[in-house]
Amino acid sequence: MLQAPGCDEYDPNNLPVEEARRRIAQLVRPVAETETVPLREALDRVLAADVASPLDVPPAANSAMDGYALRGADLPAGGEAVLEVVGTVFAGHPFAGEVGPGQAVRIMTGAPLPRGADTVVMQEHARREGDRVAIGPGHRPGQNVRHAGEDIARGSTVLAAGRRLVPADLGVLASLGVAEVAVRRRPRVAFFSTGDELCPVGEPLAEGQIYDSNRYTLHGLLARLGVEVQDLGLIPDDRAAIEDAFARAAAGADAVITSGGVSVGEADFVKETLEKLGQVNFWKIAMKPGKPLAVGRLGEALFLGLPGNPVSVMATFYQFAQPALRALAGESHTEPLALRVPAAERLRKRPGRTDFQRGVLERDAAGRLVVRSTGAQGSHVLTSMSRANCFIVLPADWGDVEPGTEVEVQPFFGLV
Ligand code: AMP
Ligand code: MG
8 MLQAPGCDEY DPNNLPVEEA RRRIAQLVRP VAETETVPLR EALDRVLAAD
58 VASPLDVPPA ANSAMDGYAL RGADLPAGGE AVLEVVGTVF AGHPFAGEVG
108 PGQAVRIMTG APLPRGADTV VMQEHARREG DRVAIGPGHR PGQNVRHAGE
158 DIARGSTVLA AGRRLVPADL GVLASLGVAE VAVRRRPRVA FFSTGDELCP
208 VGEPLAEGQI YDSNRYTLHG LLARLGVEVQ DLGLIPDDRA AIEDAFARAA
258 AGADAVITSG GVSVGEADFV KETLEKLGQV NFWKIAMKPG KPLAVGRLGE
308 ALFLGLPGNP VSVMATFYQF AQPALRALAG ESHTEPLALR VPAAERLRKR
358 PGRTDFQRGV LERDAAGRLV VRSTGAQGSH VLTSMSRANC FIVLPADWGD
408 VEPGTEVEVQ PFFGLV
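So for the sequence shown, the numbering used here puts the first residue at 8; every next one is plus one.
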């Protein structure tokens, strides 16, 4: 019997998004090899081992202000205390002597606190008169001092294995004197497009052809993830060519990603090749866009066969390939960041599948963060991805969304 239109929204064979993500995670075997790289090159790389601090940061107590270092006991309870200024201490130049009772030392920000002193009074709160300084009431013993180990204590774990290093991490490692970092080898990812209708860019379009755009979005998505990219080109819907491409891809890669050829009608053909070379399952995911997905192993490599529609490629990449590749790279936390914000307008949705609508996160007239749709949501409308800065994730059982309803969004943050 023919299925009624719309019935497939509730197909019990459709796999929920979370379940698909969980099953893919189980297939990932993180890259084990490590390499040691100079600190600057460690940006965006995944840390291979915990880093414990060899020292206290800051290494010694120092001043948080330009002012006067003194003994907290000399602070006046009321009126003024007049102290003798016995020297000046600059950052990088420790004070040789000691601050005694009734004495103070002129001190600059970052300069080591002289022996005897435990408190700094800002210069704006002091009145200098020759070799004396007058301090008023209202100060607290111990103020304006950065203590040794306040930021990082010696021996503590500063950065844990599995972290992808951000600019602040490079600075933190530098503050420990670390010049080289052990990171995981970058995963090698081979990819190609399939389809007889596809024409490579740079050549004139023949009748019935469209340009192969997926290979370029995939290139961009993979490059942003910092993996080693191996572009195997455009493969026609031809048994021998497909088999050859899969074999070449599997040879040296940690992961193989393809676009197209996994929907009903085409799957049998690709399926045959994949079954011959590895273990691959074909899933229908309860999501929109991006229903068909082929998942498994091709030799030693993780295999993800993404659908062909340009938006479906990006949606399935973001939901499945990105977390899988980040786990493959050795990252321990790979969940996409999610926020909840009100919808600025009505969003159309049919119940049955999780929608990943393209959205624009912006401020409304009152300055509140809201999300609106990019407009037409067809899985072939790739400009909807260009215009979007987030996915609007609408749960499977939801229907239309009324304006003002809180919805979940996944901001792109440059990764898509
Ligand atoms: P398929 O999954 O191969 O059936 O493809 C689904 C739709 O996506 C078809 O309209 C294809 O023409 C289109 N498509 C497949 N591969 C690409 C590609 N590399 N670039 C642009 N469109 C594609
Ligand atoms: Mg095709």
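Backbone N, C-alpha and C define an ideal beta-carbon position, used for all residues, glycine too.
Where does residue i sit, in a helix, a strand or coil, going by DSSP?
| i | result |
| --- | --- |
| V188 | strand |
| M321 | helix |
| V423 | Only weak support is given to the placement of V423: the predicted model assigns it a pLDDT of 39, under 50, and the value that follows is read from those uncertain coordinates. Residue state, collapsed to three classes: coil. |
| E131 | helix |
| K356 | coil |
| R333 | helix |
| L376 | strand |
| T280 | helix |
| L46 | helix |
| A328 | helix |
| D81 | helix |
Taking the alpha carbon of residue i as the point to measure from, which residue in the options has its own alpha carbon closest?
| i | options | result |
| --- | --- | --- |
| K356 | V377, E409 and G240 | E409 |
| D81 | V112, E307, P19 and V53 | V112 |
| D283 | V416, G306 and F102 | In the sequence as presented, Asp is not what sits at residue 283; that position holds Lys. The option with the nearest alpha carbon to K283 is G306. |
| A49 | R29, L177 and P83 | L177 |
| R192 | S393, L401 and R333 | R333 |
| L346 | V378, A308, S319 and T323 | V378 |
| T201 | R246, P174, G209 and G227 | R246 |
| L34 | G303, G85 and V140 | G303 |
| P121 | E250, P330 and T95 | T95 |
| G385 | V367, V318, G366 and A373 | V318 |
| A27 | T164, F289, V106 and I142 | F289 |
Following the continuous alpha helix (DSSP H) through residue i, name the residue where it begins and the one where it ends.
| i | result |
| --- | --- |
| Q286 | Unbroken run through Q286 is the beta strand (DSSP E), G285 to K291; no alpha helix (DSSP H). |
| T412 | That residue, T412, is in no alpha helix (DSSP H); it is neither H nor E in DSSP. |
| F253 | R246 to G259 |
| V24 | V24 to L34 |
| T390 | T390 to R394 |
| D176 | P174 to S182 |
| Y75 | No alpha helix (DSSP H) holds Y75; the beta strand (DSSP E) holding it covers G74 to L77. |
| A230 | N221 to R231 |
To the nearest angstrom, report how far apart residue i and residue j are at their CA atoms.
| i | j | result |
| --- | --- | --- |
| L275 | L180 | Sequence inspection shows Asp at residue 275; the Leu mentioned does not correspond to that position. Spanning the two alpha carbons is a distance of roughly 52 Å. |
| D158 | A118 | 17 Å |
| G156 | S70 | 14 Å |
| A133 | R147 | 14 Å |
| T381 | E273 | 31 Å |
| N21 | D407 | 21 Å |
| V64 | V58 | 14 Å |
| P296 | A322 | 7 Å |
| I264 | Y17 | 28 Å |
| T260 | N151 | The amino acid at residue 260 is misidentified as Thr; the sequence shows Ala. Cα to Cα, the separation comes out at about 55 Å. |
| S266 | L54 | 31 Å |
Could you give the residue range of the beta strand (DSSP E) that holds residue i?
| i | result |
| --- | --- |
| P299 | P299 to L305 |
| A118 | It is not in any beta strand (DSSP E) - A118 carries neither H nor E in the DSSP assignment. |
- Query: With contact counted as at least three CB pairs below 8 Å, one residue from each stretch, are the region 402-421 and the region 343-354 in contact?
  - Reply: yes
- Query: So, do the region 126-146 and the region 57-77 have three or more beta carbon pairs nearer to each other than 8 Å?
  - Reply: yes
- Message: Three or more C-beta pairs under 8 Å: does that hold for the region 386-406 against the region 356-373?
- Response: yes
- Taking one C-beta from the region 28-44 and one from the region 324-332 each time, how about it: are there three or more such pairs within less than 8 Å? yes
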